[in-house]
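For reference, the structure discussed in these notes is given below.
Put into structure tokens, the structure is as follows:
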């Protein structure tokens, strides 16, 4: 874990990457402690409607009389959780697939790589929309595993969309590494393939993986927000930022603040993650 | 923007000023329009614009210079066979190409169209309807009584969506002169209103390819139709009420109201006729447009299935109503357009029948919680609230969810695409749903369709013998007093025991460019008649 601390120190050294890191940390704090920070619950409509920002309601209230500040604060958790967990699943699965096809090569590599290429030709948002459109409208019994999957479909869709991309990156790094001497030495020692992939090759792939993961994370945030905006992500009254933008866009003339603050939150988070991911890339390249 | 916000924040017990002003203007336009159609065909009409004078000259000029009225719609027709068409875009196209026997106006009065006059026998069983002379179809054939009889035979044939509506017709025979005699099996004081039904446009006898070929008698002739894009129509110079005021109409089918409003701002279209509240609010004070608001009987129906738990328990139904604050919902989702509802479909526009003094149950979440405990739900209720993804409806669901939560009713909101909500497992099946109901000219149509036990669209599956008896009385009695009494009792039963919450009646909202004149917005926007419309330069 010393490496995480070292990475953090490295990130905080330059102003740009420090700003990005602090922004991300700020939103992480909101995600974890949101319910303690937000003065009201997400769907509390006991306030006067359409109030401009004031000392009492720092971000104003929306047309249903909900505190926009509370909703923005509470919204941090779902977007970070969706984008973060989705990216994590994509990275884990993508690593396994990428290592396997890169290491074994041959026919399996041909089949899987061409499938991945075909997948990459499709825009992520389109794949997500079609998948969610189908999954959401399946008549599923409550309490079944399928229904549980459907209720977490946004998470799974993000994973689905990004697995091929991660797999491709890992595959090319694997191809690079597998001809090195230490891998050949392990093969001569008679180590099992799984051991070679995860103990010999994976550590060399990690820098590329961290860079790719942080980049995917910033795309995933945009994707979650887009899906919320298009109405196929979170269900109302979840304080999902994308959904909030959608709900309030027709009322821009009446409650502009209810539209502005969630938009600003999405923008700030994406900028923060991007700055941080740039810095991680720089550090990894220098270190590698 | 300041004015728009004023509407919102100053809204109290009465309609906001701006809204009342628009309302009066629309009503004045409506009344004048009625007079015009009934008494002075060919004369100058009324308008949504302030300067109605001199529009007759404008009409001739426009027709000569080839002015085309371009109307934008959010959405597009899916089905243009009159027997099953229902959306505004579909009806708007049919209403331009074909004629109804009778129209209704903005105040739900009957307005002659192909039928110029009608008489009822004393027993209420025989209607003698006089048909206009000299009407021709677009293909040149004259309109005959056989065409009308054929059309209604088609609508009456079993297994059609319209069979129930016209089941009361025993026979349709040609009468003396150019009259048709409708004989009924039982009296129906609303019979003429059933002839105004959206499906009842007059086709030519033995018409083929209905829904893809369009040969009507109406004021406009279809030139071209590109599904999901546009329909282009030209004026029918031989229209029996005189040639239309514009050279043609173009309907543009756009993705949503924002696209339509952008097209209007950009001068690509001249009007948007089916706006949601929020979008309308952004245009209402724009001096560059004429915003028109018409109150309607249309409403959003929040209904609980009454044939199985938990809605089968009257205590639970009462709890849902006590947990609902209709005024707050109206203020926060309708912004002062329309009227607060009383949990029954007989709204304030049905002035002769609306019982103003019968208040809905008060907002009392604590009492609602007690009733739920009495009904055996000590820990409250967990349910899914299904809502179609139409503008403003998810917001209604959110408002209900917040209010009901105070009473221990916790709902998960499931927003569904409209095609899914109206699909097989949708609105007629789910336990808790929100269904928008369009405006009807008479209250009986709602009761027959959705409140009588076993009715086709009784989505709440509610059966109440007392209610059914009253619905039959109201449907058949010729005694106006007895009818009003029945409607009053129906309102009382639905308020106290019914399975529905009607938080508000919505308004029909449209925005026109100032060039458009002589259009009277209809409570059902698709039924707005455009043949008197003119365009000034």
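Protein chains in written order, with our numbering: chain A, 120 to 407; chain B, 11 to 547.
For each residue, glycine too, the CB sits at the ideal point set by N, CA and C.
Since the structure is predicted, the reported quantities are computational estimates derived from the model, not experimental observations.
Is it the case that the CB of residue i approaches a heavy atom of the ligand SAM more closely than 8 Å?
| i | result |
| --- | --- |
| residue 294(B) | With respect to the ligand SAM, the structure shown offers nothing to examine, as it has no ligands at all. |
Looking at the strands, I want to know which residues DSSP matches up with residue i.
| i | result |
| --- | --- |
| residue 501(B) | According to DSSP, residue 501(B) bridges with nothing at all. |
| residue 227(A) | Paired residues: none, contrary to the question. |
| residue 234(B) | 242(B) |
| residue 302(B) | 520(B) |
| residue 545(B) | 526(B) |
| residue 122(B) | 112(B) |
| residue 80(B) | 260(B) |
| residue 396(B) | 424(B), 443(B) |
| residue 180(A) | 186(A) |
| residue 495(B) | Partner(s): none; residue 495(B) has no beta bridge. |
| residue 136(B) | 193(B) |
| residue 130(B) | 137(B) |
| residue 223(B) | 220(B) |
| residue 152(B) | 146(B) |
| residue 281(B) | 81(B), 522(B) |
| residue 349(B) | 515(B) |
| residue 211(B) | 110(B) |
In the structure shown, what three-state DSSP assignment does residue i receive?
| i | result |
| --- | --- |
| residue 193(B) | strand |
| residue 363(A) | helix |
| residue 392(A) | helix |
| residue 317(B) | coil |
| residue 317(A) | helix |
| residue 31(B) | Any reading at residue 31(B) needs caution, since the residue's pLDDT is 38, under 50, leaving its predicted position unreliable; the model's value is listed next. Looking at residue 31(B) - three-state DSSP - the assignment turns out to be helix. |
| residue 301(A) | helix |
| residue 63(B) | Any answer about residue 63(B) is weak, because its pLDDT of 39 lies below 50 and its placement is not dependable; what the coordinates show is given next. Of the three classes helix, strand and coil, the one that applies to residue 63(B) here is coil, per DSSP. |
| residue 272(B) | helix |
| residue 56(B) | Caution applies to residue 56(B), whose pLDDT of 37 falls short of 50 and renders its modelled position unreliable; the model cannot decide the point. |
| residue 45(B) | With a pLDDT of 32 at residue 45(B), under the threshold of 50, the modelled position of this residue cannot be trusted, and the question is left open. |
| residue 189(A) | helix |
| residue 143(B) | coil |
| residue 385(B) | coil |
| residue 351(A) | coil |
| residue 359(B) | coil |
| residue 183(B) | strand |
| residue 540(B) | coil |
| residue 514(B) | strand |
| residue 105(B) | helix |
| residue 200(B) | coil |
| residue 254(A) | helix |
| residue 310(B) | strand |
Suppose contacts are defined by Cβ-Cβ distances below 9 Å. Is residue i in contact with residue j by that definition?
| i | j | result |
| --- | --- | --- |
| residue 171(A) | residue 181(A) | no |
| residue 389(A) | residue 340(A) | yes |
| residue 362(B) | residue 494(B) | yes |
| residue 217(B) | residue 471(B) | no |
| residue 270(A) | residue 334(A) | no |
| residue 525(B) | residue 283(B) | no |
| residue 164(A) | residue 537(B) | no |
| residue 390(B) | residue 419(B) | yes |
| residue 217(A) | residue 287(A) | yes |
| residue 142(A) | residue 209(A) | no |
| residue 87(B) | residue 237(B) | yes |
| residue 309(B) | residue 515(B) | yes |
| residue 237(A) | residue 281(A) | no |
| residue 448(B) | residue 347(B) | no |
| residue 176(B) | residue 137(B) | no |
| residue 77(B) | residue 256(B) | yes |
| residue 556(B) | residue 312(B) | Any property of residue 556(B) remains undetermined from this structure, which presents chain B solely from 11 to 547. |
Which bits of chain A does residue i rub up against, with CB to CB less than 7 Å?
| i | result |
| --- | --- |
| residue 342(B) | 168, 182, 183, 184 |
Using a C-beta to C-beta distance shorter than 9 Å, which residues of chain B count as neighbours of residue i?
| i | result |
| --- | --- |
| residue 366(A) | 404, 405, 408 |
Determine the chain B residues that contact residue i at a beta-carbon separation under 7 Å, and present them in chain order.
| i | result |
| --- | --- |
| residue 370(A) | 288 |
Discussion item. If the cut-off is 8 Å on Cβ atoms, which residues from the segment 332-364 of chain A count as contacting chain B, listed in chain order?
Written reply: Taking 8 Å as the upper bound on Cβ-Cβ separation, chain B lies near residues 350, 354, 355, 356 of the segment 332-364 of chain A.
Discussion item. Against chain A, which members of the segment 406-439 of chain B pass a CB distance test of less than 8 Å?
Written reply: Within the segment 406-439 of chain B, contact with chain A at the beta-carbon level (separation under 8 Å) is assigned to 407, 408, 409, 411, 412, 413, 415, 422, 423, 424, 425, 426, 427, 430, 435.
Item to complete: Could you name the residues of the segment 390-407 of chain B whose beta carbon sits closer than 8 Å to any beta carbon of chain A, in the order they occur along the chain?
Response: Listed by position along the chain: 399, 401, 404, 405, 407.
Worksheet item: Between the segment 282-312 of chain B and chain A, which residues of the former have CB atoms less than 8 Å from a CB of the latter, in chain order?
Response: Hits within the stretch, in order: 286, 288, 289, 291, 292.
Worksheet item: For the segment 302-321 of chain A, which residues have a CB atom closer than 8 Å to at least one CB atom of chain B, in sequence order?
Response: For the segment 302-321 of chain A, which is checked against every Cβ of chain B, not one residue is closer than 8 Å.
Discussion item. To be precise: take each residue of the segment 147-179 of chain A, compare its Cβ to all Cβ atoms of chain B, and keep it if any distance is under 9 Å. Which residues remain?
Written reply: Residues 162, 163, 164, 165, 167, 168, 169, 170, 171.
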